[in-house]
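Participant: One structure follows; several queries about it will come next.
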Amino acid sequence: MSTSALATYAAVHFRWHVANRVGFIELNRPERKNPLTFESYAELRDLFRALVYESEVRAVVVSGAGGNFCSGGDVHEIIGPLTAMAMPELLNFTRMTGDLVRAIRACPQIVIAAVDGVCAGAGAILAMASDMRLGTTATRTAFLFTRVGLAGCDMGACAILPRLIGQGRAAELLLTGRVMTADEGLAWGFYSRLLEPDQLKAAASALAVQCATGPVFAHAMTKNMLNQEWSMSIDQALEAEAQAQAICMRTEDFKRAFDAFAAHSKPEFIGR
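The sequence shown maps to residues 0 to 271 in numbering that gives the first Met the number 0.
This is the structure in structure tokens:
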């Protein structure tokens, strides 16, 4: 995919458009609650990989059509075929789905999941892998792999989910496959806000625009440090952050912020 064409890229397996330097992904199979297929997994992965090199898209919102976020892997188009695959094919698939999580975490843009209604299986993973999550009072989130005879350790869930909501809560959700209610998701920190369904996409868009008009180089550095510091000691993290902040202090955005403060005006960040 040519990164220069991302602003006008015509996605095949979901909706994609760019406005105000924000890329909007909408999963668009509402009659099935927006399940994923082999093809949509791969196209999402490729899009997020391309975003690494895209400077005109500064934030991303992921949502679903028709009042639901995503029901996970399509039963007939993914689950059924998987039961007939040999181990090498299965491993290729599970590595590919993990690569989607890697791509979401590796892209410099802040990724915001706007989650309404059903958010299950791989859909819950998409929300989990995002940098921020907004939900609604109707949101129902379930990591339901155990219900189909699979382990809860899917697409990084055992590494990421405990860091978001705590080890014990993550263990319960991953072992039982039960629904995390909207109120639990908010109280446990999985969702930062709950809104009414008709307010969700506007709120997610506003948050994305706020990120996109901010110091995006510094935002990317923050995202990178949030990911990298999981495996660091406190001393290593302090040194890594010292280096990261020193780099940010050499940006034009840092000088622009100071000049604007001195002039009693609002800074206009340019992302470098």
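A virtual CB, placed ideally from N, CA and C, is assigned to each residue, including glycine. These numbers were taken from a predicted model, which means no experiment stands behind them.
(1) Answer yes or no: do residue 139 and residue 180 have a C-beta to C-beta separation smaller than 8 Å?
(2) Go through its chain and collect everything with a Cβ distance to residue 66's Cβ below 7 Å, but skip five positions before and after it.
(3) When we look at the beta-carbon of residue 135 and count the other beta-carbons within 10 Å, is it buried (16 or more) or exposed?
(4) Assuming residue 21 contacts residue 191 (C-beta within less than 8 Å), just tell me the rounded distance between them.
(5) Are the CB atoms of residue 268 and residue 258 within a distance shorter than 8 Å?
(6) Can you tell me whether residue 32 is buried or exposed? The criterion is at least 16 other CB atoms within 10 Å of its CB, across all chains shown.
(7) With 16 as the cutoff for other CB atoms within 10 Å, does residue 103 come out buried or exposed?
(8) Does the contact criterion of 3 or more C-beta pairs under 8 Å hold for the segment 64–78 versus the segment 116–134?
(9) Looking at the secondary structure, which residues open and close the alpha helix (DSSP H) in which residue 238 lies?
(10) Considering only C-alpha positions, which residue in the set 34, 173, 193 is nearest to residue 157?
(11) Please say whether residue 58 and residue 201 have beta carbons closer to each other than 8 Å?
(12) Which partner residues does residue 111 have in the DSSP bridge list?
Facilitator: Taking the structure as given:
(1) yes
(2) 115, 116, 196
(3) buried
(4) The pair is not a contact, with the Cβ atoms about 18 Å apart (cut-off 8 Å).
(5) no
(6) buried
(7) buried
(8) yes
(9) 233–247
(10) 173
(11) no
(12) 60, 131
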